[in-house]
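One structure is given here, and the rest of the page talks about it.
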Amino acid sequence: MIIRRPTDIRSSEITEEALYRDRRRFLTASGAIIGAAWSGISLAAPVPTTFPNLRKSPLSATEKVNSWQDATTYNNYYEFGTGKADPAHSAHTLVTTPWSIQVDGEVKRPRTVDVDTLMRWSAPEERIYRLRCVEAWSMVIPWVGLPLAPILKRLEPNSRAKYVEFTTLNDPKQMPGVRYPVLDWPYVEGLRMDEAMHPLTILAVGLYGKALPNQNGAPLRLIVPWKYGFKSIKSIVRIRFTEQAPATSWNKAAPNEYGFFANVNPAVDHPRWSQAKERRLGEFLKRETLPFNGYADQVAQLYRGMDLRKLY
Ligand code: MTE
36 MIIRRPTDIR
46 SSEITEEALY
56 RDRRRFLTAS
66 GAIIGAAWSG
76 ISLAAPVPTT
86 FPNLRKSPLS
96 ATEKVNSWQD
106 ATTYNNYYEF
116 GTGKADPAHS
126 AHTLVTTPWS
136 IQVDGEVKRP
146 RTVDVDTLMR
156 WSAPEERIYR
166 LRCVEAWSMV
176 IPWVGLPLAP
186 ILKRLEPNSR
196 AKYVEFTTLN
206 DPKQMPGVRY
216 PVLDWPYVEG
226 LRMDEAMHPL
236 TILAVGLYGK
246 ALPNQNGAPL
256 RLIVPWKYGF
266 KSIKSIVRIR
276 FTEQAPATSW
286 NKAAPNEYGF
296 FANVNPAVDH
306 PRWSQAKERR
316 LGEFLKRETL
326 PFNGYADQVA
336 QLYRGMDLRK
346 LY
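So for the sequence shown, the numbering used here puts the first residue at 36; every next one is plus one.
Laid out in structure tokens, this is it:
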């Protein structure tokens with residue numbers, strides 16, 4: 036038998052691998068559906084593996100996108116380990132179909148919704164966005180995203196709802212990382228209602244026109260392009276509307292390093308490093324980091340009158 040080194044494997048074969056995973060996900064899903072039909076239980080439909088006639092959003096960035104390889108092998112998903120390569124190796128244990136999201140807190144009617152329903156309420160669009168991580172690296176990714184605003188409206192928050200809290204699955208059987216107290220699990224993030232309702236905010240269900248790989252937060256993750264990447268919570272199982280600002284995971288872990296707002300701000304250093312520059316994955320020279328990650332024209336007015344040095 037010939038054992039090939041990774042450098043011998045052509046990139047076209049790597050794409051094949053991605054397709055294979057998608058096909059496997061489809062087969063698992065169709066098996067689940069047949070099983071459900073047989074047992075008479077209704078199961079949530081899976082996220083499609085591809086998105087035909089995907090509408091390209093005018094809200095996209097116009098930069099060169101990173102490769103599929105960059106986006107799917109260099110990840111932060113601590114539930115699958117703290118190394119950048121860990122999620123791509125370990126996240127195959129995450130079962131993403133069926134998947135439902137619990138909706139509660141300050142709503143007219145607490146309920147459970149599935150991803151398919153969310154896709155009917157808000158059509159998937161391709162949105163090319165920069166992801167700027169607080170660790171000072173960045174990527175440009177073509178997400179397949181559902182605008183969040185129409186979804187939140189359909190969930191009918193009441194007049195007390197001022198914030199939205201998002202929670203990731205917390206299952207030690209599927210997620211080896213949650214057996215260690217790296218963070219106070221489950222991973223929780225939150226937005227103020229006006230941030231959540233902003234047209235740039237999306238729930239991503241895919242990237243590069245295909246369903247999200249597990250390491251990127253399948254089947255559903257948040258993207259808020261003017262905020263540091265840690266706000267982009269993955270594999271969401273709960274959406275809760277609240278009157279008070281939710282206690283978020285990184286803010287609880289290190290309040291002097293990670294604020295609730297987490298707006299990309301080159302003028303405010305992280306206590307251990309500068310945020311003035313960033314390294315785009317695949318590039319050698321660093322580039323200047325832009326205020327609000329380049330989305331200042333669209334979002335700066337949300338923070339008018341706030342001291343963004345204190346509210347970082
Ligand atoms: N969501 C969960 N549940 N767990 C995590 O560890 N990491 C965050 C965010 N969402 C994280 C998470 C951080 S720090 C970043 S930079 C982005 O996911 C990375 O997203 P990507 O792996 O798709 O690039």
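C-beta atoms are modelled at their ideal positions from N, C-alpha and C, and glycine is treated no differently.
Check, Outcome
"So which residues put a beta carbon under 5 Å from any heavy atom of ligand 1, going in chain order?", "110, 111, 112, 113, 168, 203, 222, 251, 264, 265, 267, 268 and 269"
"Work out the CA separation of residue 95 and residue 174 for me, nearest whole Å.", "14 Å"
"Does residue 188 pass the burial test, meaning 16 or more other C-beta atoms within 10 Å, or should it be called exposed?", "exposed"
"Does the pairing of the stretch 274 to 294 with the stretch 137 to 154 give three or more beta-carbon distances under 8 Å?", "yes"
"Can you give me the start and stop residues for the alpha helix (DSSP H) that residue 287 sits inside?", "284 to 288"
"Measure the C-alpha to C-alpha separation of residue 103 and residue 118 and round it to an integer number of angstroms.", "19 Å"
"Threshold first: 3 residues or longer. Then list the beta strand (DSSP E) segments lying entirely within the stretch 278 to 343, N to C.", "312 to 315"
"When you compare each of 227, 122, 163 and 190 to residue 197 by their alpha carbons, which one comes out closest?", "227"
"Classify residue 230 as helix, strand or coil using the three-state DSSP reduction.", "helix"
"Is it true that the CB of residue 324 sits closer than 8 Å to the CB of residue 333?", "no"
"Can you find the residues in the same chain that come closer than 6 Å, C-beta to C-beta, to residue 168, ignoring five residues on each side of it along the sequence?", "264"
"Would you give the residue range spanned by the alpha helix (DSSP H) that residue 268 belongs to?", "Per DSSP, residue 268 belongs to no alpha helix (DSSP H) and is neither H nor E."
"What whole-angstrom Cβ distance do residue 107 and residue 250 have, given they're in contact under 8 Å?", "6 Å"
"Nearest CA to the CA of residue 211: which residue from 122, 166 and 243?", "122"
"Helix, strand or coil: how does DSSP classify residue 345 here?", "coil"
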